[in-house]
Amino acid sequence: MTHPHLRVETDGPVRTITLDHPEKRNAQTPSLWAALADEARSVPEDVRVVVLRGAGDAFSAGIDTAMFTPDGVPGEESVAQLAAGGPEAIQRGIAVYQEGFTAWGECPAVVVAQVHGYAIGAGFQLALAADLRVAALDAWFAMRETSLGLVPDLAGTGPLVHLVGYARALEICATGRRVSAPEAHSIGLVGSLAPAVDLDETTGSLVEALLAAPAPALRALKPLLRGAVHGDREAQLGHEREAQVGLLQTMLGRADG
């Protein structure tokens, strides 16, 4: 176990990584993002599919909101501590956080997000970090960062625009509204839907179909298709960081330093 709130199980060519902090609805922290990046980078060659899921009644409620309080989360860098170093330190910090999401695109295995309950903010962006998404019929997604006076900055803006288009992505992020699983499926955000009781079975069927492809072809296909997506990823990540610097400082009442 690389993190107390991350459970990793491997069954032959399939690795299942579970966010395992159900009492906080799998809220995320910087140490969890570091552990996710490490997991993505250490997937062995014989693992062909990775499933990301959440324990309890939700995929992930997003960032642990205690990070925005003066006391923060014990053992974690708070938002105030991040902002205290000024714009360059904020960008460096966010760049490290983003690796917990971008590393899944660089992972040679195909990554499937299995979403139930809700995926909010960082939870939504973790689902977007996967190659494919399967959702329970009662699941929903929301980008709530704008309601806090911030923007999504964990590598989710690029994938969201690519999946649903600029206008719809803008509306989803600006309003922070819930996107139901049926709507997510209809707009291309989610590839497969299932009743909650059948979610594991539906995910398993997708995994079996992926494993039916010859291993070399599947391994070559992922980078080939990702490379066909237009847009410069590094530039987009930089834009996320730049946009967040001033917003974070404003939220915390700090002047640029």
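Here this note's numbering is used: the first residue of the sequence shown is 869, the next is one more, and so on. The C-beta atom is built at its ideal place from N, Cα and C for all residues, glycine as well. As the structure is a prediction and not an experimental result, all values here were calculated from the model.
_Cβ distance (whole Å) where R1094 is taken to contact G973 below 8 Å_ = In this structure, R1094 and G973 form a Cβ contact; the two beta carbons are roughly 6 Å apart against a cut-off of 8 Å.
*Taking Cβ positions, are A971 and A908 nearer each other than 9 Å?*
Yes, they are a contact pair.
_Let's test the definition: count the other Cβ atoms within 10 Å of the Cβ of R916 and tell me whether it reaches 16, buried, or not, exposed._
Per the 10 Å Cβ criterion, buried.
_Buried or exposed, going by whether 16 or more other CB atoms sit within 10 Å of the CB of L1000?_
Buried, since its Cβ has 16 or more Cβ neighbours within 10 Å.
_Short Cβ contact (9 Å threshold) for A959 with G1106_ = In the sequence as presented, Ala is not what sits at residue 959; that position holds Gln. A contact, by the Cβ cut-off of 9 Å.
*Check whether the Cβ atoms of P1063 and L1005 sit closer than 9 Å, and answer yes or no.*
For P1063 and L1005, yes; Cβs fall inside 9 Å.
*asked:* Just to confirm, is the Cβ distance from R1046 to P976 under 9 Å?
replied: Against a cut-off of 9 Å, the Cβ pair of P976 and R1046 comes out as no contact.
*CB of S928 within 9 Å of CB of T937, strictly*: Against a cut-off of 9 Å, the Cβ pair of T937 and S928 comes out as no contact.
*asked:* So Q1104 and T1043 are supposed to be a Cβ contact under 8 Å. How far apart are they, rounded?
replied: 21 Å between Cβ atoms; not a contact.
*asked:* Within a Cβ cutoff of 7 Å, which residues of the same chain sit near H871, ignoring the five residues on either side of it in sequence?
replied: In its chain, beyond the 5 residues on either side, S899, L900 and A903 have a beta carbon closer than 7 Å to the beta carbon of H871.
*To the nearest angstrom, how far is it from the Cα of G1072 to the Cα of V1029?*
As the crow flies, the alpha-carbon of G1072 is around 28 Å from that of V1029.
*asked:* Once DSSP output is grouped into helix, strand and coil, what is the label at A981?
replied: Three-state DSSP puts A981 in a strand.
*asked:* Using a Cβ-Cβ cutoff of less than 6 Å, which residues in the same chain neighbour G1125 once the five nearest sequence positions on both sides are dropped?
replied: Interpretation of G1125 is limited by its pLDDT of 48, a score under 50 that renders its predicted location unreliable; the figure taken from the coordinates is listed afterwards. Take G1125, set aside five residues on each side of it, and the residues of its chain with a beta-carbon closer than 6 Å to its own are G954, in chain order.
*Just tell me which of A952, A1007, T933 and V911 has its CA closest to the CA of L1061.*
If we check each option's Cα against that of L1061, A1007 comes out closest.
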